[in-house]
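Per the UniProt record's numbering: the sequence shown = residues 1 to 225.
The next block holds one structure in the form of structure tokens; read it before the comments.
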Amino acid sequence: MAELSDERIHRLLTEAEDRLAATPYHDITTDVGQPTLKLDSPSLVVGAKGGIARPPQQRLAVRDAHQTNPKVCYQPYLLLRDLFLCDDKLPMLYTIDVANKLDDAGQGWFGLPKTDPNDKEFKRDVQLLQMRGTALDPSRHYKKESLKAKMPRYAHVGRIVEGPTDFYSSRLNRKERKMTLVDELLAAEKASGKFKAKFNDIQGRKASGKKASYKRFVSQRRRRN
1 MAELSDERIH
11 RLLTEAEDRL
21 AATPYHDITT
31 DVGQPTLKLD
41 SPSLVVGAKG
51 GIARPPQQRL
61 AVRDAHQTNP
71 KVCYQPYLLL
81 RDLFLCDDKL
91 PMLYTIDVAN
101 KLDDAGQGWF
111 GLPKTDPNDK
121 EFKRDVQLLQ
131 MRGTALDPSR
141 HYKKESLKAK
151 MPRYAHVGRI
161 VEGPTDFYSS
171 RLNRKERKMT
181 LVDELLAAEK
191 ASGKFKAKFN
201 DIQGRKASGK
211 KASYKRFVSQ
221 RRRRN
């Protein structure tokens, strides 16, 4: 079999693109009862950046269907996520109304369950994670987050399982292992007293040069005498 030159390959690809562009596109129909888009045979063309994109007529049809029925879930594209890489201003994969009704994040996120906004223990754990760079461990630098940040829509609390390569001294025993992050933080504070010492240091700096500082200085001088 004779080898194909680069010019021959380029010409064949160009002819294939022209044939795909010349094929008639099937209209997209929506059903109000079932929030899904039905495609008879979705046609694909190669985009300018090497990705896969939809033809212009099909893009306009998707936008018109989204405006007609805003609760549409684009079911045919759940398995073809690369279709959205080359599209600029297309609607989201799930609209807000549809996403709020889902119990998990889907297979792409390993079925992360939906969080309960009324769970106080989980809310405290999220706040502690947001404060880890300021109050918990100032020696480590993390991305700054607002303390009033919203809870994640999908999240799951896991448990660290030590591997066989971890030595016994680096593992947590049953007494040290707590139920929540707040319990672990309180247990660590009871053992080290780091937060109490830091609080006393801050209070001492705030009272420096004031009446309380002078009274403390006088009481210390009387003890020496």
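Where a beta carbon is used, it is the ideal one built from N, C-alpha and C, also for glycine.
Bounds of any alpha helix (DSSP H) do not take in residue 139, whose DSSP letter is neither H nor E. Of the candidates 158, 129, 180, 121, 158 places its Cα closest to the Cα of residue 112. When Cβ pairs closer than 8 angstroms are counted between the two stretches, the stretch 102–118 is seen not to touch the stretch 157–176, the count staying below three.
In the DSSP annotation of this structure, the continuous segment of the alpha helix (DSSP H) that includes residue 191 starts and ends at 181–192. Under the 10 Å beta carbon count, residue 181 is surrounded by 16 or more other beta carbons and is classified as buried.
In the structure shown, residue 18 adopts helical secondary structure according to DSSP, grouped into three states. In the assembly as shown, residue 130 is a buried residue. Its beta-carbon has 16 or more other beta-carbons within 10 Å.
Less than 7 angstroms divides the Cβ of residue 184 from the Cβ of residue 178. Counting only residues of its own chain and dropping the five nearest sequence neighbours on each side, residue 168 has no CB closer than 6 angstroms to any other CB.
Closest option to residue 126, judged by alpha-carbon separation, among 170, 136, 193, 151: 151. Each residue's CA atom was taken as its position, placing residue 141 and residue 22 some 56 angstroms apart.
Annotated three-state conformation of residue 104 is strand, per DSSP.
For residue 176, there is no enclosing alpha helix (DSSP H), as DSSP marks it with neither H nor E. Under the three-state reduction of DSSP output, residue 114 falls in the strand class.
Under the DSSP assignment, residue 219 falls in the alpha helix (DSSP H) whose first and last residues are 211–224. Per DSSP, the continuous alpha helix (DSSP H) segment holding residue 123 begins and ends at 120–130.
DSSP links residue 154 through a beta bridge to 114. Spatial neighbours of residue 190 in its own chain (CB-CB distance under 8 angstroms, excluding positions within 5 residues in sequence) are not present. In the three-state reduction of the DSSP assignment, residue 4 falls in the coil class, being assigned neither a helical nor a strand state. Residue state for residue 197 is assigned as helix, using DSSP reduced to three classes. Distance from the CA of residue 219 to the CA of residue 192, rounded to the nearest whole angstrom, comes to 29 angstroms. Between residue 104 and residue 154, the alpha-carbon positions lie close to 7 angstroms from each other.
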